[in-house]
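Everything on this sheet refers to the single structure shown next.
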Amino acid sequence: GAGVSQTPSNKVTEKGKYVELRCDPISGHTALYWYRQSLGQGPEFLIYFQGTGAADDSGLPNDRFFAVRPEGSVSTLKIQRTERGDSAVYLCASSLWAGGYQETQYFGPGTRLLVL
Amino acid sequence: GENVEQHPSTLSVQEGDSAVIKCTYSDSASNYFPWYKQELGKRPQLIIDIRSNVGEKKDQRIAVTLNKTAKHFSLHITETQPEDSAVYFCAARSFKTIFGAGTRLFVKA
Numbered sequence: 001g002a003g004v005s006q007t008p009s010n011k012v013t014e015k016g017k018y019v020e021l022r023c024d025p026i027s028g029h030t031a032l033y034w035y036r037q038s039l040g041q042g043p044e045f046l047i048y049f050q051g052t053g054a055a056d057d058s059g060l061p062n063d064r065f066f067a068v069r070p071e072g073s074v075s076t077l078k079i080q081r082t083e084r085g086d087s088a089v090y091l092c093a094s095s096l097w098a099g100g101y102q103e104t105q106y107f108g109p110g111t112r113l114l115v116l
Numbered sequence: 001g002e003n004v005e006q007h008p009s010t011l012s013v014q015e016g017d018s019a020v021i022k023c024t025y026s027d028s029a030s031n032y033f034p035w036y037k038q039e040l041g042k043r044p045q046l047i048i049d050i051r052s053n054v055g056e057k058k059d060q061r062i063a064v065t066l067n068k069t070a071k072h073f074s075l076h077i078t079e080t081q082p083e084d085s086a087v088y089f090c091a092a093r094s095f096k097t098i099f100g101a102g103t104r105l106f107v108k109a
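Residue numbers (my numbering), protein chains in the order written: chain Y, 1 to 116; chain S, 1 to 109.
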C-alpha cells in the first residue's frame, strides 16, 4: 500500500517568505508527527497530532512555525518569515494508535527546504 | 528536557565483524525504543524496536538490549556486511519520540 508522502520534495525560498509543507499519512493512521533534520543530526521532534488536535507541540521552535491537520488526515506545516536557519529536511511520520499505545512510526521521504 | 545520547558518532568495522551502538535516555517514562537506519538522502527506516517490558529482542543479525534501571539500550549487528553501512539512530519514546544524534557505520569489505 501507499506509504507516507510529502510534497514538495524540495523547496527553495527567500528569507522572509512564507512556506507550506504537506504530509499525506498512511491511510488509517491517526497519529501524525513532524520532525526537522539538519545535516548530520537526528530528527528533531516538532509536533504530533492525534486525530485533528495537536497532542504535543512543544518542539515547535517559535511562533513562526504552525501546523494543522483539519480533517485528521493530511497535515500542513507552515513557516512564516523564513530564516536561513530554517533550512533543513522536514520529515513527517505517521502511526496507528492502538490500545492506548502509539505503534511504529513510518517516515515520509521528507521535504528539503532551503532558505536563501 | 528529554534527551537521548548516542555513541559512538562514527564506527568503522571490517566486514564480518560485529558492531555495537549504545544509547542512554533521560526520561524515565520512556517505554518504547526504536532503531532506525538512514541511507544518504533517504528516509529513516525502522530496523528493530523494543518495548520497556522486554530486556532483549533479536531479528536475524540484529539484536537490541534494554537496561531500564540504567536507562541504557544498545544495538548489536553481527556478521556485518557492506550494505549495513549507513547512519543509525536510536530513539526513546514516552509520548513524543526523541532521537539520538546518530552513528555513522562504515563496513569495510
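Using N, Cα and C, we set each Cβ at its ideal position, and we do this for glycine too.
Residue interval of the beta strand (DSSP E) (run including residue i)
i, result
"S/Lys108", "Thr103 to Lys108"
"S/Asn3", "Counting along the chain, S/Asn3 falls outside any beta strand (DSSP E), and DSSP gives it neither H nor E."
"Y/Gly53", "Gly53 to Asp56"
"Y/Ile79", "Ser75 to Ile79"
"Y/Tyr18", "Element bounds for Y/Tyr18: n/a, residue is neither H nor E."
"Y/Thr111", "Thr111 to Val115"
"Y/Gln6", "Ser5 to Thr7"
Residue(s) in a DSSP beta bridge with residue i
i, result
"S/Tyr32", "S/Arg51 and S/Arg93"
"Y/Gly40", "Answer by DSSP bridge pairing: none, since Y/Gly40 is not bridged."
"S/Ile77", "S/Ala19 and S/Ile62"
"S/Ser12", "S/Phe106"
Chain S contact residues for residue i, given Cβ-Cβ distances below 7 angstroms
i, result
"Y/Asp24", "The contacting residues do not exist; Y/Asp24 stays about 14 angstroms from chain S at best."
"Y/Phe107", "Arg43 and Pro44"
"Y/Gly110", "Arg43"
Under 9 angstroms from the C-beta of residue i: neighbouring residues of chain S
i, result
"Y/Phe65", "Per Cβ cutoff of 9 angstroms: no residues; Y/Phe65 is ~15 angstroms from chain S at best."
"Y/Asp56", "Phe95 and Lys96"
Proximity to residue i [Cα-Cα], best of the options
i, options, result
"S/Ile77", "S/Asn67, S/Lys22, S/Val4 and S/Glu5", "S/Lys22"
"S/Asn80", "S/Lys68, S/Phe95, S/Ile62 and S/Ser74", "For the sequence presented, residue 80 of chain S should be read as Thr rather than Asn. Among S/Lys68, S/Phe95, S/Ile62 and S/Ser74, the Cα nearest to that of S/Thr80 belongs to S/Ile62."
"S/Gly100", "S/Val107, S/Phe106, S/Lys108 and S/Val87", "S/Val87"
"S/Tyr36", "S/Ala29, S/Asp59 and S/Ile48", "S/Ile48"
"S/Arg43", "Y/Gln6, Y/Leu96, Y/Val68 and Y/Pro61", "Y/Gln6"
"S/Lys117", "S/Thr65, S/Gln14 and S/Gly1", "Any answer about residue 117 of chain S is impossible in this case: the structure gives chain S only from 1 up to 109."
"S/Glu2", "S/Ser26, S/Ala19 and S/Leu40", "S/Ser26"
Contacts of residue i in chain Y (Cβ-Cβ under 7 angstroms)
i, result
"S/Ala101", "Gln41 and Gly42"
"S/Asp49", "Thr104"
Proximal chain C residues relative to residue i, where beta-carbon distance stays under 9 angstroms
i, result
"Y/Leu91", "This model lacks chain C altogether, as its protein chains are Y and S."
6 angstroms CB neighbourhood of residue i in its chain, flanking five on each side removed
i, result
"S/Tyr115", "Nothing can be reported for residue 115 of chain S, as the shown portion of chain S is limited to 1 through 109."
"Y/Phe65", "Ile79"
"S/His72", "Thr24"
"Y/Lys17", "Thr82"
"Y/Gly72", "Gly51 and Thr52"
Cross-chain neighbours of residue i in chain S, by beta carbon under 8 angstroms
i, result
"Y/Gly28", "Going along chain S, no residue has its Cβ under 8 angstroms from Y/Gly28, so there is no contact; the nearest lies around 18 angstroms."
Beta-carbon neighbours of residue i, restricted to chain Y and to distances below 8 angstroms
i, result
"S/Phe89", "Gly42 and Pro43"
Spatial neighbours of residue i in its chain, beta-carbon cut-off 7 angstroms, leaving aside the 5 residues before and after
i, result
"S/Gly16", "Glu79 and Thr80"
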